[in-house]
Amino acid sequence: MVRAIEGRLVVATHNAGKLAEMRELLDHYGVKAVSAGELGLPEPEETGSTFLENSRLKALAAAEGSASPALADDSGLCVDALGGEPGIYSARWAGPDRDFAIGRAAVEEALRVAGAQAPFAAHFICVLTLAFPDGETSSFEGRVDGELVFPPRGSLVFGYDPIFLPEGLSKTFGEMTLEEKQAIPPDGSPALSHRARAFQAFAKACFGV
């Protein structure tokens, strides 16, 4: 078990989609979540070379800036034929305005230039880091494998979800509701999404479930 969370928990993000997913997960444990964006905290520069490093620096910045426990997510899409890219640069591939239609098109173009042939194996990774104002941190990782599909499928658009088809399923993440994508199985089996899988490990460490 990690140290208990008391009072509010700051979700270290300015991304509305990530915040919605995290609030959906945290609500089950009665945790009051407020985002770094809502508190007016600046976004730290992501200078890490791994998901873990970036998750940790964002969590520490939010914890220190808010004087509250903070939970940060660093996640991305890793495509085998592109040597793991966009990876930690997934948001940057979407341009300065974080327009993921641009990011999805950039991935498709990169695959074309690379001469890659379908199926395009890929995986999502999420690392969650819980940080306290005194500098204590704990991190948790989730991964889901699958393949990319073009054109994008699904109107429930968040990030690269409409082009990601999880292994063994017939619907992309973009065709799933938030509740379906984020559901935590009561029997303890792996959740569907990378973020929910990382959250399962976090919840077990923090709440014992």
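Here the sequence shown is numbered in this note's numbering, starting from 8 and rising by one per residue. Note that the Cβ used here is the ideal one computed from N, Cα and C, for glycine as well.
Spanning the alpha carbons of Gly14 and Leu46 requires a straight line of approximately 15 Å.
In the DSSP annotation of this structure, the continuous segment of the alpha helix (DSSP H) that includes Ser73 starts and ends at 58-73. For Phe107, the secondary structure class from DSSP, reduced to helix, strand or coil, is helix. When DSSP states are grouped into helix, strand and coil, Leu185 belongs to the helix group.
Residue environment: Val134 is assigned as buried (16 or more neighbouring CB atoms within 10 Å of its CB, all protein chains considered). Residues of the same chain with a CB within less than 6 Å of the CB of Thr54, apart from the 5 flanking positions on each side, do not exist. For the 8 Å CB-CB criterion, Thr179 and Ile170 form a contact. Note: Pro173 is bridge-paired with Gly153 in the DSSP secondary-structure output.
Contact check for His130 against Arg150 passes: the beta carbons are separated by less than 8 Å.
Beyond the five residues adjoining it in sequence on each side, Asn61 comes within less than 7 Å, by CB distance, of Glu53, Gly55, Asp81, Ile95 in the same chain, given in chain order. Under the 8 Å Cβ criterion, the region 140-148 counts as touching the region 194-208, having at least three qualifying pairs. Ala208: member of the alpha helix (DSSP H) spanning 201-214, first to last residue. In the structure shown, the three-state DSSP call for Glu13 is coil. Gly24: not part of any beta strand (DSSP E); member of the alpha helix (DSSP H) spanning 23-33, first to last residue. Among the bridge pairs identified by DSSP, Ile132 is matched with Gly83, Arg150. Between Pro76 and Ile12, the gap from beta carbon to beta carbon is short of 8 Å.
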